[in-house]
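Inspection log for the structure reproduced underneath, given as structure tokens.
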Amino acid sequence: MPYVNIKLTREQDPITREQKAELITGVTDLLVQVVGRGPGTTVVVIDEVDTDNYGVGGATITERRKQGK
18 MPYVNIKLTR EQDPITREQK AELITGVTDL LVQVVGRGPG TTVVVIDEVD TDNYGVGGAT
78 ITERRKQGK
């Protein structure tokens, strides 16, 4: 059973339900095409993470954006 976890930063312009549905369908279809797994057993989870709770290179995304990175 494939399990895919997509983590995205929560933005001021949020991801819509339609976009999330498209991501889930697209990832599921890709797993069917590439590894031959049935769509009925594929789990896709989308987590939206606040930029204060997501870090790269020792700094939060919030701070990195303030620094223009």
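To get this note's numbering, take the position in the sequence shown, counting from 1, and add 17. Ideal Cβ positions, reconstructed from N, Cα and C, are used throughout, including at glycine. Just so it is clear, the structure is predicted and the values come from calculations on it, not from any experiment.
Between Ile63 and Thr26, how many whole angstroms is the CB-CB distance? I'm expecting something under 8 Å.
Rounded, the Cβ-Cβ distance is 12 Å, inconsistent with contact.
Compare the beta carbon distance of Pro19 and Val60 with 8 Å and say whether it is the shorter of the two.
Yes, the pair counts as a contact, with Cβ atoms nearer than the cut-off.
Indicate whether Leu40 and Ile23 have their beta-carbon atoms separated by less than 8 Å.
Yes, these two residues count as a Cβ contact at 8 Å.
Contacts around Pro56, its chain only, beta-carbon distance under 7 Å, and the 5 residues preceding and following it disregarded:
Exclusion of the five residues before and after Pro56 leaves Thr45 and Val49 as the residues of its chain whose Cβ lies within less than 7 Å of its Cβ.
Return the chain-ordered list of same chain residues with a C-beta closer than 7 Å to the C-beta of Val73, the five sequence neighbours on each side being excluded.
Its chain contains Arg81 as the residues whose beta carbon lies nearer than 7 Å to that of Val73, once the 5 sequence neighbours on both sides are disregarded; these appear in chain order.
The beta strand (DSSP E) that contains Thr42, what's its start and end?
Bounds of any beta strand (DSSP E) do not take in Thr42; it lies within the alpha helix (DSSP H) bounded by Arg34 to Val52.
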